[in-house]
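Notes follow the structure.
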Amino acid sequence: MLPGLGYFLVFHYGALLGNVIAFKEYVPFVGLWDSPWVGFDNFSAMFSDGDFWHAVWNTLFIAVLQLIFFFPAPLALALLLHSLTSDLLRRFVQSVVYLPHFLSWVIVVALFQQILGGAGLLNGFLGDAGLNTVDIIGNPDAFKPLVVAQVIWKDGGWGTIIFLAALMQVNEQLYESAALDGAGPWRRFWHVTLPQIRPIVILLLIMRLGEILSVGFEQMLLQRDAYGPEAAEIIDTFVYYQGLVNGNFGYAAAAGLFKGVVGAALVYTANKLAHRLGEQGVYR
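The sequence shown begins at 1 in full-length UniProt numbering and counts up by one.
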């Protein structure tokens, strides 16, 4: 356990000390402790910056889309895999849907561009068929649905692992009893499957809420120039450009700290709500 524990202590808990930059006018050549203290000036400038709030809006919009469409996708896929009677077929399908998770976002974005781009496979097929082509890659209006589709394709299969493990623990006799009582597939899912896996669903939902403002830095950064900041700027890319590109480290740290505090508050609130509903949640 020591290597893993050391990793979290150094790169996660130890790195929290760097948040002091958010309250300073940090100058790398001066150093962390000698940089002038500015208090909440960085936060005041951030909250009055329209570009920051635009990044927050884009982040929340994409996060809600992912919560609605991506979060249930692994569960639906797990239910389909669980319904397969052939173990050989199930293992084959699992292997196929797991594979995209191991591809880098550079490859995934390139694949979508080759398929959906102006000169891509889809428009080539539509043009050969005499149909109107579609403008997806580079169209700001199509960006947010596109990134959600990319996440579903890449990580939907990988997310089925936990749901499949939960489905394996459901007693098959409950399904048999429900079927004998006349329950169809939908009623068996609603009254047997869902109550049995509800603790896992709530646990994953709480964890997802903690990362709701993290909608994929690398994925967004790779496509930001193609769609423009108006459509593709999120909090993480805003922090990147303000801090590493423009050298405004204190301002960028304030935006990152704001994101972390909101995520922690969401986890705390969702966990308390889970306790009120009789579920264990993430912690007691």
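We put the beta carbon where it would ideally sit given N, CA and C, even for glycine.
Note to self: Tell me whether the region 19 to 39 and the region 251 to 259 touch, counting them as touching only if at least three CB pairs, one residue from each stretch, are closer than 8 Å.
What the structure shows: yes
Item checked: Spatial distance of ASP236 from PHE29 (CA atoms) -> 25 Å
Margin query: Taking its Cβ as the centre, do 16 or more other Cβ atoms sit within 10 Å of ALA78, making it buried, or is it exposed?
Written below: buried
Next item on the list: Would you tell me roughly how many angstroms separate the C-alpha atoms of ALA119 and TYR268, rounded to the nearest one?
Entry: 47 Å
Margin query: Quick check on the burial criterion: 16 or more other C-beta atoms within 10 angstroms. Buried or exposed for GLU233?
Written below: buried
Margin query: Once DSSP output is grouped into helix, strand and coil, what is the label at TRP153?
Written below: helix
Margin query: Measuring only the C-alpha atoms, how far is GLN114 from TYR240?
Written below: 27 Å
Next item on the list: Return the bridge partner residues of LYS24 from the DSSP annotation.
Entry: TRP37
Check: If you run the structure through DSSP and keep just helix, strand and coil, what is LEU257?
Finding: helix
Check: At what residue ranges does the region 209 to 250 contain a whole run of the alpha helix (DSSP H), taking only runs of 4 or more?
Finding: 217 to 227, 229 to 232, 235 to 240
Check: On the three-state DSSP scale, how would you describe LEU17?
Finding: helix
Check: Buried or exposed: which applies to PRO74, given that a residue is buried once 16 or more other Cβ atoms fall within 10 Å of its Cβ?
Finding: buried
Margin query: Pop quiz: GLN219 and GLN169 are said to be a contact at Cβ under 8 Å. What is the actual Cβ separation, rounded to whole angstroms?
Written below: Not quite, the Cβ-Cβ distance comes to about 33 Å (not below 8 Å), so this is no contact.
Item checked: Cβ contact check for the region 136 to 150 and the region 203 to 213: 3 or more pairs under 8 Å -> no
Check: Is ILE68 helix, strand or coil when you go by DSSP?
Finding: helix
Item checked: Straight-line Cα distance separating ALA55 from LEU99 -> 31 Å
Note to self: Please report the straight-line C-alpha distance between PHE238 and PHE52, rounded to a whole angstrom.
What the structure shows: 7 Å
Notebook entry, point to check: By a C-beta neighbour count over all protein chains shown, 10 Å radius and 16 as the cutoff for buried, is LYS259 buried or exposed?
Noted result: buried
Notebook entry, point to check: Closest to LEU221 by CA distance: which of LEU81, ASP87, TRP105 is it?
Noted result: TRP105
Checklist line | Outcome for GLN242 when other beta-carbon atoms lying within 10 angstroms are tallied against a minimum of 16 | finding: buried
Item checked: Between the CA atoms of GLY263 and ALA270 - distance to the nearest angstrom -> 11 Å
Notebook entry, point to check: What does a CB cutoff of less than 7 Å around GLN196 pick up in its chain, not counting 5 residues either side in sequence?
Noted result: VAL170
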